[in-house]
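Okay, so here's the structure we're looking at.
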Amino acid sequence: MISFIGRRDKGGSATGAGLHELVQGYSIEVMPRTAAKIEDFRTLLPEGTRVYIAHIEGTPIEEMVATAKRLADEGFPVMPHFPARIIKDKATLEDWIKRYQGEAGVDQALMLAGGVAEPHGDYHSSMQLLETGLFDQHGFKRLHVAGHPEGNKDIDPDGSTKLVDDAMQWKQSFSERTDAEMAVVTQFAFEAQPVLDWIASLRDANVDLPVHVGIAGPAKLQTLIKFAIACGVGPSLKVLQKRAMDVTKLMLPYEPTEVMTDFAEARVTGTHAPAQIHFFPLGGIKATANWAMKHGAEPVKAAS
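Structure, rendered in structure tokens:
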């Protein structure tokens with residue numbers, strides 16, 4: 002379920018009003034080095050867009066906080082990543098929280114285990130970060146956690162979803178005792194139905210956290226395959242690989258129109274649909290923002 006430029010969109014309301022509605026209120030992910038390439042985010046992003054800042058191993062906290070401050074100064078709510086496995090100890094965690102708050106006014110955070118195999122210190126899971134109680138103590142208003150519609154072999158090496166499912170139950174329980182608003186943000190996927198089925202399974206298990214579905218922004222197919230392999234995307238990767246076998250489509254740019262259309266249709270029909278879309282701008286921040294603009298997401302101010 003991948004849309005390429007030049008391919009006819011699925012017809013009907015979902016590609017019009019439904020898709021327009023779905024793209025409103027999207028969030029987007031940046032890194033310090035990619036954010037530095039953007040002169041003014043207000044020419045690209047709608048007012049109030051939540052901007053996640055990915056914390057890659059080796060990135061100094063000073064660069065993370067500086068990026069958070071720059072984005073906050075431009076008027077955007079900032080949600081930095083807190084990857085458990087690269088945080089040495091509780092003192093380091095609290096130092097990061099205080100820096101983000103004191104220098105950039107941050108009161109939101111995304112909790113992740115992190116993509117490193119061996120923990121750098123005391124933590125190996127996002128749940129351990131939440132259990133410290135530091136985010137509540139410092140008055141964080143919103144805490145997001147990771148969701149894995151296709152499973153996660155780092156968490157469940159046997160290929161099952163047992164530990165992932167147990168973690169989701171824990172996160173639901175935590176949401177009922179924290180003052181912060183919580184939501185689940187997923188890894189990017191290229192098919193809607195498996196994600197919709199996963200959301201339905203959460204509801205059946207009495208997990209009612211809002212789900213913000215990860216979507217890969219416009220990019221070259223080769224770029225998407227590289228990121229999908231690196232990030233452990235499972236069944237969706239087969240969709241990309243099938244496309245890559247067609248030489249006529251290999252060089253055409255990918256756009257998320259069709260998968261977004263499927264999610265928009267789910268919202269129209271009242272199926273277990275995502276609460277919001279979270280973009281991974283794998284082909285560049287501008288390319289993703291421009292695609293969103295094309296579908297009705299207006300930036301704060303016109304580009305000069």
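Residues 2 to 305, numbered by my numbering, are exactly what the sequence shown covers, in order.
The C-beta atom is built at its ideal place from N, Cα and C for all residues, glycine as well.
- Query: For Arg178, does the three-state DSSP call read helix, strand or coil?
  - Reply: coil
- With Met32 as the anchor, note down where its alpha helix (DSSP H) starts and where it stops. Note, Met32: premise wrong, no alpha helix (DSSP H); not H, not E.
- Message: Helix, strand or coil for Leu23? Go by DSSP, reduced to three states.
- Response: helix
- So, helix, strand or coil for Ala298, using DSSP? coil
- Going by Cα to Cα distance, which pick from Gly116, Asp108, Tyr124, Lys99 is closest to His145? Asp108
- For Leu20, is the classification buried or exposed, using 16 other Cβ atoms within 10 angstroms of its Cβ as the cut-off for buried? buried
- Query: Buried or exposed: which applies to Ser126, given that a residue is buried once 16 or more other Cβ atoms fall within 10 Å of its Cβ?
  - Reply: buried
- Opposing strand residues paired with Leu131 [DSSP bridges]: DSSP output for Leu131 lists no bridge partner at all.
- Message: Can you check which of these residues, Phe175, Phe189, Glu58, Ala220, is closest to Leu210 by C-alpha distance?
- Response: Phe175
- From which residue to which residue does the beta strand (DSSP E) around Leu111 run? 109 to 113
- What is the rounded straight-line gap between the Cα of Arg86 and the Cα of Pro275? 28 Å
- Message: Just to confirm the assignment, what range does the alpha helix (DSSP H) spanning Phe264 have?
- Response: 258 to 270
- Comparing alpha-carbon positions, which option in Val186, Asp180, Val165, Lys172 lies nearest Val208? Lys172
- Exposure label - Ala220; buried when at least 16 CB within 10 Å: buried
- Item | Paired residues, beta bridge with Ile216 - DSSP | Phe280
- Query: From Met80 to Arg51, what distance separates their C-alpha atoms?
  - Reply: 7 Å
- To the nearest angstrom, how far is it from the Cα of Phe83 to the Cα of His121? 13 Å
- Query: Quick one, which of Phe136, Lys70, Ile200 has its alpha-carbon nearest Glu151's?
  - Reply: Ile200
- Tell me, which residues are paired with Leu144 by DSSP? Ala110, Met183
- Mind checking who Ile57 pairs with in its DSSP beta bridge? Note: Ile57 sits in no beta bridge, so no partner.
- Using three-state DSSP, classify Lys99 as helix, strand or coil. helix
- Take the Cβ of Glu177 as the centre, count every other Cβ of all protein chains shown within 10 Å, and call the residue buried at 16 or more, exposed below. exposed
- Query: Starting from Pro1 and walking both ways along the alpha helix (DSSP H), at which residues does that stretch end?
  - Reply: In the structure as shown, the chain begins at 2 and stops at 305. Residue 1 is therefore absent and cannot be evaluated.
- Message: So, under 8 Å CB-CB, Pro47 and Ala298 are touching, yes? Tell me the CB distance rounded to an integer number of Å.
- Response: 5 Å
- Among Glu256, Asp41, Ser28, the one whose alpha carbon lies nearest that of Val301: Asp41
- Query: What are the start and end residues of the alpha helix (DSSP H) that includes Ile200?
  - Reply: 194 to 205
- Task: Find the nearest neighbour of Asp180 within the set Ser202, Gly271, Arg204, Leu135, judged by alpha-carbon distance.
- Result: Leu135
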